[in-house]
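This report refers to the structure that appears directly beneath it.
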Amino acid sequence: SPPPPPPRAPPPRMPPMRDPLPRLRKDVVCIDEFDKLASSRSNARFAGEGTTKDVSGFGVQRGLLTLLAGKEAQFAADFGYAQLAPKITLPLAGVTFVACGAFSGLKSTAELLSRAERIGFGRTGEKADAEAIAVRFDTETLEHTAAFAAYGFLPELIGRFSRVVGFAPLDTDTLAQILRDNVIASYIAEFQREGMTLTIDDAVLDYVVGKALKRELGARGLRMALVPALEEAAFEHFGGGEGKRVALVLRDDFIRVETV
């Protein structure tokens, strides 16, 4: 009989971690729509005394300033009675804060601060990018703390962030891809559940993308041009249009619905 196979060697063991907790204490907090916290152009700053209305927006900014600058923060266990509820202490040593926003108008604010207005032969016209929804921020604009202050932010709050990065604006190709893969795909699936086939001409896609670029609403504006035509088709045929083919076509610069 053949000899028995040799015993398998045990798998190598990972060296034990001395202190795994510091590696696990890594959290990320993303603050979306951060630009909406910009205050109005009023010089009156909210101090949070005697009122619960943060009209200027500086109250939230001061709260974030304390949060970003401290090593720990206290939060109420019951937000319904925040003043009477016990406090929970949250360590912030391993928390990374990321703030996101469109910051519409920030570039023009920075340009007004950095250049003098001229007329006549010394005036240089602005060149618009036909494919850009938002403007493209350069490094000089993002490092201009005075521009953020004029925009409505506390300079010390912006200084709490170690880096300010500008992303490229959405262009025509990106919007068209979002329209095909996300918006149109969901509507096609909805019509299929009703037993109908939905087709959309390429001219309609170009029209919708052009409208979104003109309105400067980004990917959110893609549905605005399609919804009126699709709502009409859904109202007319949902519930009794099995086997029908619904097509969206462009006629006289308007989206029309054709049913076969």
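Okay, so the sequence shown: first residue is 16 according to this note's numbering, each after it adds one. All C-beta atoms in this analysis are idealised placements derived from N, C-alpha and C, irrespective of residue type, glycine included.
Quiz item: Using 8 Å as the threshold, is the stretch 250-268 in touch with the stretch 213-223, meaning 3 or more CB pairs across them?
Solution: yes
Quiz item: When you compare only the Cα positions, how much space is there between V198 and H252?
Solution: The residue given as residue 198 occupies position 183 in the sequence shown. The residue given as residue 252 occupies position 237 in the sequence shown. Taking the straight line from one Cα to the other gives about 20 Å.
Practice problem: Pick helix, strand or coil for P17, following the three-state DSSP scheme. | Solution: The residue you call residue 17 lines up with position 2 of the sequence shown. Three-state DSSP puts P17 in coil, outside helix and strand.
Self-check item: Member of L169, L83 and M239 whose CA lies at the smallest distance from the CA of F112
Solution: Taking the first residue of the sequence shown as 1, we reach residue 112 at position 97. Measuring C-alpha to C-alpha distances from F112 to each of L169, L83 and M239 identifies L83 as the nearest.
Quiz prompt | Alpha-carbon spacing of G255 relative to A227, whole angstroms | solution = Numbered from its first residue, the sequence shown carries residue 255 at position 240. Numbered from its first residue, the sequence shown carries residue 227 at position 212. Cα to Cα, the separation comes out at about 33 Å.
Quiz item: From what residue to what residue does the beta strand (DSSP E) around V272 run?
Solution: Residue mapping note: residue 272 aligns to position 257 of the sequence shown, counting from 1. Per DSSP, V272 belongs to the beta strand (DSSP E) from F269 to T274.
Quiz item: Where V219 and P106 are concerned, what is the direct C-alpha to C-alpha distance, given to the nearest angstrom?
Solution: Translated into the one-based positions of the sequence shown, residue 219 becomes position 204. Translated into the one-based positions of the sequence shown, residue 106 becomes position 91. Straight-line Cα distance between these residues: approximately 53 Å.
Quiz item: Relative to the C-alpha of T104, which residue among V223, C115, G85 and S119 is closest?
Solution: What you label residue 104 is simply residue 89 of the sequence shown in a count that begins at 1. Checking every option, the nearest Cα to that of T104 belongs to G85.
Quiz item: Taking just the CA atoms, how far does D268 sit from E246?
Solution: Against the sequence shown, residue 246 aligns to sequence position 231. Against the sequence shown, residue 268 aligns to sequence position 253. Taking the straight line from one Cα to the other gives about 19 Å.
Exercise. Go ahead and pull the three-state DSSP assignment for F90.
Key: Within the sequence shown, residue 90 is the residue found at index 75, counting from 1. Residue state, collapsed to three classes: strand.
Quiz item: Expressed to the nearest angstrom, what Euclidean distance is found between the alpha-carbon atoms of K51 and G116?
Solution: Along the sequence shown, one-based indexing puts residue 51 at 36. Along the sequence shown, one-based indexing puts residue 116 at 101. Using only the alpha carbons, I get a separation of about 8 Å.
Quiz item: Three-state secondary structure (DSSP) at D42?
Solution: Indexing the sequence shown from 1 puts residue 42 at position 27. Of the three classes helix, strand and coil, the one that applies to D42 here is strand, per DSSP.
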